[in-house]
Amino acid sequence: KFKYIKDWYDFQCDYINNFDFAVYGDKPVYVTKNIILKENRVRVGKKKIYSGDVLAYFDRFVFGDLEFKFDNITSCTNLGRCKVGFYVDGKKYQFIDKDKKYAGIKYMHLFYRYKNLKEGNGSKYLGL
Numbered sequence: 139k140f141k142y143i144k145d146w147y148d149f150q151c152d153y154i155n156n157f158d159f160a161v162y163g164d165k166p167v168y169v170t171k172n173i174i175l176k177e178n179r180v181r182v183g184k185k186k187i188y189s190g191d192v193l194a195y196f197d198r199f200v201f202g203d204l205e206f207k208f209d210n211i212t213s214c215t216n217l218g219r220c221k222v223g224f225y226v227d228g229k230k231y232q233f234i235d236k237d238k239k240y241a242g243i244k245y246m247h248l249f250y251r252y253k254n255l256k257e258g259n260g261s262k263y264l265g266l
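Heads up: the sequence shown is residues 139 to 266, going by our numbering.
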């Protein structure tokens, strides 16, 4: 148990930065069931493009037949407890937990940990 949110956040950052995700091989690191993936289109609104499970591997997000490699994602952000946003080729996507049971921040942390390792900068920055 943590007394303050900052204590939990520091623990989470240390956990992510010290965990060897490569041990997962080609198995997902995280799986969340019952999510909705939407494309957020400017002036048109959000378009639902997938409903089902999200599988987060060390280097990509997978939504059924849709795969988003972290190398192609320009940024990722936590938009609330149950919502994650990411950008690919100028398009903005959001995935939302319909059951409101997961913490989206872990997906953002996974993305930035991959980027940190790929760039070899050893940075502990894991997004905001």
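Heads up, the beta-carbon is just placed ideally off N, CA and C, and yes, glycines get one too.
Residue environment, residue i, which counts as buried when at least 16 other CB atoms sit within 10 Å
i	result
L204	exposed
I187	exposed
Straight-line gap, residue i to residue j (C-alpha atoms, nearest Å)
i	j	result
K139	K238	21 Å
C220	K184	17 Å
V281	F233	With the chain covering only 139 through 266, there is no way to say anything about residue 281.
D235	K176	12 Å
K253	M246	11 Å
Y190	E257	Tyr is not the amino acid found at residue 190; the sequence shown has Gly there. Cα-Cα distance, rounded: 32 Å.
I211	F224	7 Å
D148	K171	27 Å
Cβ pair residue i, residue j closer than 8 Å
i	j	result
L255	A194	no
V182	F206	no
DSSP state of residue i mapped onto helix, strand, coil
i	result
R181	coil
K207	strand
heavy atom of the ligand COA below 7 Å from residue i C-beta
i	result
T212	Although the ligand COA was asked about, the structure shown includes no ligands whatsoever.
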